[in-house]
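Note that full-length UniProt numbering gives residue 538 to position 145 of the sequence shown, counting from 1, and the numbers run on in steps of one.
By construction, the Cβ of each residue, glycine as well, lies at the ideal position given by its N, Cα and C atoms.
Model, not experiment: these values are computed from the prediction.
Structure, as structure tokens:
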Amino acid sequence: AKAAGRNTHAIFGSHMDELLSDRRALEADLRLALKTHSQLETFYQPVFAADTGALSSLEALARWKHPTLGDVSPDQFIPLAEETGLIHEISALVLEDACRTLAELPDIHIAVNASALELASPGYALRVLGILAKWQVQPNRLEIELTESAMTPEKSEVETTISTLRSAGVRFAIDDFGTGYSTFSRIQRIEVDRIKIDKSFIGEMHQGASKAVVSAMISMAKAKGLLVTAEGVETDEQRSALQDFGCDHLQGFLLSKPLPRSTAITLATADQRV
Ligand code: C2E
Ligand code: CA
Ligand code: CA
Ligand code: CA
């Protein structure tokens with residue numbers, strides 16, 4: 394039994410070493426990508442009005458095409474970027490790209506993602522307003538999606554940032570609503586314009602209980618005057634139930650995957666001509 398234990402430890406230990414060195418290598422590669430202005434790109438996922446099906450906005454999503462590993466998932470490199478402080482540079486790139494796109498598409502809104510870490514950084518609000526001004530974009534055309542962990546009670550710096558940006562007209566959404574710390578009481582503390590129902594709930598809507606939860610979330614949000622987006626819409630059944638529940642906007646692979654900037658611009662331009 395002793396030998397087996399030692400073995401297990403040895404295997405586990407070396408696996409951990411490998412993981413850690415992978416992480417350090419990935420961090421070095423990410424720094425290089427940022428330094429050389431290469432490999433990182435912003436994709437845009439279209440969001441549609443649930444009732445008319447018209448294109449309503451785009452969500453900007455960071456993409457990393459690694460020279461040897463290929464596409465690295467944001468679920469992998471965003472947490473790494475947060476731990477290493479590189480997130481500020483990544484989000485500046487995404488925001489710059491989003492504002493450039495907003496300047497080119499006068500009738501559309503764009504959403505960007507921000508973590509608590511970014512909102513708690515003192516210069517964040519001014520940086521956002523500076524980039525908007527540089528591209529001469531109305532602040533109310535930008536929406537910032539924040540994950541609920543950004544709303545833990547002690548994060549007062551986050552609240553200051555939100556109120557500064559909101560007074561300038563920037564809109565806010567709670568991302569991944571229903572997961573983690575999400576409760577409606579928290580929304581009352583921080584003013585937001587929208588909730589985005591997490592895709593895990595949408596994916597379970599074939600189950601009666603989950604469908605009822607989604608319906609209740611939409612009703613409660615509407616009662617509070619909030620807009621609602623459902624994310625991860627993949628089937629016609631989900632779409633029609635969400636329409637029946639009065640959900641405002643739909644996002645998901647059923648409607649469109651995230652697109653390269655030029656494709657998104659073509660789509661948005663065509664949609665506006667209809
Ligand atoms: P998120 O903000 O919840 O973004 C939605 C994610 O769901 C995207 O994954 C999108 O590609 C994916 N998605 C969209 N429709 C569907 C669908 O119908 N089914 C399924 N299964 N997935 C769908 P992505 O692009 O891999 O991004 C993952 C997460 O990484 C994002 O989740 C966001 O939290 C984070 N992220 C991405 N870009 C940025 C960024 O620029 N800044 C920050 N702070 N976070 C980012
Ligand atoms: Ca998001
Ligand atoms: Ca989300
Ligand atoms: Ca997410």
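Where residue 600 falls, given that 16 or more other Cβ within 10 Å makes a residue buried: exposed
Provide the residue span of the beta strand (DSSP E) that contains residue 557, from first to last. First-last for residue 557: 549–561, but that is the alpha helix (DSSP H), not the beta strand (DSSP E).
For residue 670, the residue or residues it bridges with in DSSP: This structure does not reach residue 670, given that the chain is present from 394 up to 667, and the question cannot be answered.
Residue nearest to residue 505 in terms of C-alpha spacing, selected from 538, 408, 635, 440: 538
Between the region 526–534 and the region 557–567, do three or more beta carbon pairs fall short of 8 angstroms? yes
Specify, as a first and last residue, the run of the beta strand (DSSP E) that residue 587 falls within. 587–590
Residue 636: which of 660, 604, 654, 659 sits nearest, CA to CA? 604
Distance, Cα to Cα, residue 424 vs residue 434? 15 angstroms
I'd like to know whether the C-beta atoms of residue 554 and residue 619 end up nearer to each other than 8 angstroms. no
Thinking just about the alpha-carbon of each residue, which of 566, 631, 591 is nearest to the one in residue 647? 631
Per-residue DSSP class, three states only, for residue 503: strand
Over what stretch of residues does the beta strand (DSSP E) that includes residue 534 continue unbroken? From DSSP, residue 534 is part of no beta strand (DSSP E); its letter is neither H nor E.
Host alpha helix (DSSP H) of residue 622 (start-end): That residue, residue 622, is in no alpha helix (DSSP H); its beta strand (DSSP E) goes 620–623.
Helix, strand or coil for residue 597? Go by DSSP, reduced to three states. coil
What does the Cβ neighbour count give for residue 490, buried or exposed, with the cut at 16 atoms within 10 Å? buried
Between residue 437 and residue 589, what straight-line distance do the alpha-carbon atoms span, to the nearest angstrom? 16 angstroms
Please identify the residue among 587, 502, 556, 501 whose C-alpha is closest to the C-alpha of residue 540. 587
Compute the Euclidean distance between the alpha carbons of residue 643 and residue 591, then round it to the nearest angstrom. 12 angstroms
What I want to know is whether the C-beta of residue 591 ends up closer than 7 angstroms to one or more non-hydrogen atoms of ligand 2. no
For residue 498, which residues from the same chain have a beta carbon less than 6 angstroms from its beta carbon, with the 5 sequence-adjacent residues on both sides left out? 661
Does ligand 2 have a heavy atom nearer than 7 angstroms to the CB of residue 533? no
Identified DSSP bridge partners for residue 463: 459
Count the CB pairs spanning the region 413–428 and the region 462–477 that are closer than 8 angstroms, and state whether there are at least three. yes
Go through its chain and collect everything with a Cβ distance to residue 606's Cβ below 8 angstroms, but skip five positions before and after it. 571, 594
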